[in-house]
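Report on the following structure.
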Amino acid sequence: MERRGLNIRKGFLRIWLPMIRKLPLPVASRFVSGIGRMEYRFSHRLRSEFRQAVKRGGSILGCHWDVPEVSRELAGNHVLWRTRDLLLDGVPDDRARDMFAVTGRENLDVAFAERRGCIVLTSHFGAHLLPAHWMFREGFPVRFYMERPRHISRFLSRHFETEGPLGQDKLFISRQGVPADSAGSILRAARTLKAGMVLYLAGDVRWTGQLTEPARFLGRDMRFSTTWIVLAAMTGTPVVMVFCRMQPDGRYHIEFRPAFHVPKDAPEKGETGQWVHHFLEVLEEQVRRYPENSNDYFFWGEAEGLVA
Numbered sequence: 033m034e035r036r037g038l039n040i041r042k043g044f045l046r047i048w049l050p051m052i053r054k055l056p057l058p059v060a061s062r063f064v065s066g067i068g069r070m071e072y073r074f075s076h077r078l079r080s081e082f083r084q085a086v087k088r089g090g091s092i093l094g095c096h097w098d099v100p101e102v103s104r105e106l107a108g109n110h111v112l113w114r115t116r117d118l119l120l121d122g123v124p125d126d127r128a129r130d131m132f133a134v135t136g137r138e139n140l141d142v143a144f145a146e147r148r149g150c151i152v153l154t155s156h157f158g159a160h161l162l163p164a165h166w167m168f169r170e171g172f173p174v175r176f177y178m179e180r181p182r183h184i185s186r187f188l189s190r191h192f193e194t195e196g197p198l199g200q201d202k203l204f205i206s207r208q209g210v211p212a213d214s215a216g217s218i219l220r221a222a223r224t225l226k227a228g229m230v231l232y233l234a235g236d237v238r239w240t241g242q243l244t245e246p247a248r249f250l251g252r253d254m255r256f257s258t259t260w261i262v263l264a265a266m267t268g269t270p271v272v273m274v275f276c277r278m279q280p281d282g283r284y285h286i287e288f289r290p291a292f293h294v295p296k297d298a299p300e301k302g303e304t305g306q307w308v309h310h311f312l313e314v315l316e317e318q319v320r321r322y323p324e325n326s327n328d329y330f331f332w333g334e335a336e337g338l339v340a
């Protein structure tokens, strides 16, 4: 879902972020989300589109949300979400850590201690890049396996500037890739895991072609990538789901779930679809509990540029 004036807002934030960062960071975070709430207040069309989307999502999930309140908070979080991790750029570790409330760290530590690598399974829920930012600051050897994120901090960009057999450069994927590229990237990702590193990828990636399974998510039938399942089965690597919420106080709440393993023979038995459904069910529960962190989910499938 794209909002009119997006490039203007990005330009405004790019200019003013250095000044905004001088505020206490939770205040800076609330200031940025306040831009979205202000747009929501003054744009009738934006208000209408958000309310329709939230009402539709609540109906699908069987939830009785306060639609105007959820819509307003979602509109605010939408802007903060698009800011990615830019608020933490150039911020020292001790100040940045105060922005995170982390639960389940022991789940990540136990999985990483297996020394078989670790798949941290994220999604497009909440502040989905911030767990990786936090892990870098905590010293975890993280590699992304997804399309290269844009509009990110210099801090995160520097961690992408690694080359060689285990470097980040060759692990970014493209929707324009050919099957041979896909197979090669999976082998590179498997080598990264076997080297004991953390592989950060999303389980809600809509894709077409090979290594996909059909599934129903928020009332829509789509196809989702099964790459994370194939990698977990191939390598025996533990999988840790992570969710990161943008909280009303301006901080981020990161939750690492207990690790699990995908059986080695799951793809051969045709069980990849079951694992896709399992992850999407957990993700839907997060949306049900925290709809203001649902980002674009309620707008998936709408025409580009529909919302003001």
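Residues 33 to 340 in the numbering used here are what the sequence shown lists, from first letter to last. Cβ coordinates follow ideal geometry from the N, Cα and C atoms, glycine included. In this text the structure is predicted, and so the values were computed from the model without any measurement.
Taking 4 residues as the minimum length, the alpha helix (DSSP H) runs contained wholly in the stretch 212-274 are 259-267, in order along the chain.
Buried is the label assigned to H285, since at least 16 other Cβ atoms lie within 10 Å of its Cβ.
Here the alpha carbons of A60 and L161 stand approximately 18 angstroms from one another. Between the alpha carbons of A145 and P323 lies a distance of about 34 angstroms.
When the beta-carbon positions are compared, M178 and V237 come within less than 9 angstroms of each other.
Selection E138, L49, I261, F168 evaluated against H191 yields F168 as nearest (Cα-Cα). Assignment of beta-bridge partners to V174 by DSSP yields V230. Taken through DSSP and simplified to helix, strand or coil, E287 comes out as strand. Around the CB of I205, 16 or more other CB atoms lie within 10 Å, so the residue is classed as buried.
Taken through DSSP and simplified to helix, strand or coil, V294 comes out as coil. Assigned with DSSP and collapsed to three states, F63 falls in helix. Between E245 and the set F256, G235, R252, G251, the nearest pair of CA atoms involves F256. Rounded to the nearest whole angstrom, the C-alpha separation of G66 and T135 is 27 angstroms. Shortest Cα-Cα distance from G302 to any of I261, Q318, T269, N325 involves I261. T115 has its alpha-carbon roughly 25 angstroms from the corresponding atom of L312. Inter-residue distance for R46 and F63 is about 14 angstroms (C-alpha atoms, whole angstroms). The beta carbon of F82 lies closer than 7 angstroms to those of Y72, S103, L106, A107 in the same chain, with the five residues before and after it left out. A check of alpha carbon separations from C95 across L250, F132, L231 identifies L250 as the nearest. Within the same chain, and ignoring the five residues on either side of R148 in sequence, the residues whose Cβ sits closer than 8 angstroms to its Cβ are L225, K226, G228, T267, G268, T269, P270.
Within a 10 Å sphere around the beta-carbon of T240 sit fewer than 16 other beta-carbons, which makes this residue exposed. Listed in chain order, the non-local C-beta contacts of A143 below 6 angstroms within the same chain comprise C150, P270, V272, A291, local neighbours out to five positions each way being set aside. Annotated as proximal: L203 and S217, with beta-carbon spacing under 9 angstroms. Annotation for T304: the continuous alpha helix (DSSP H) segment containing it runs 304-321. Check the Cα spacing between H293 and each of V174, R283, T304: the tightest is with T304. Only buried fits H110, as 16 or more other CB atoms lie within 10 angstroms of its CB. A distance below 8 angstroms between beta-carbons, with the five flanking residues on each side excluded, links S214 to the following residues of its chain, in chain order: I205, Q242, L243.
In the displayed model, V123 falls within coil according to three-state DSSP, outside both helix and strand. Its Cα nearest to that of R69, the residue E101 stands out among E101, R137, V230. In this chain, I92 is not harboured by any beta strand (DSSP E); it is covered by the alpha helix (DSSP H) spanning 76-93.
Relative to L219, the option among F132, A264, F157 whose CA is nearest is A264. Assignment of A145 by DSSP, reduced to helix, strand and coil, places it in the coil class.
Relative to F288, the option among R277, A221, G171, S75 whose CA is nearest is R277.
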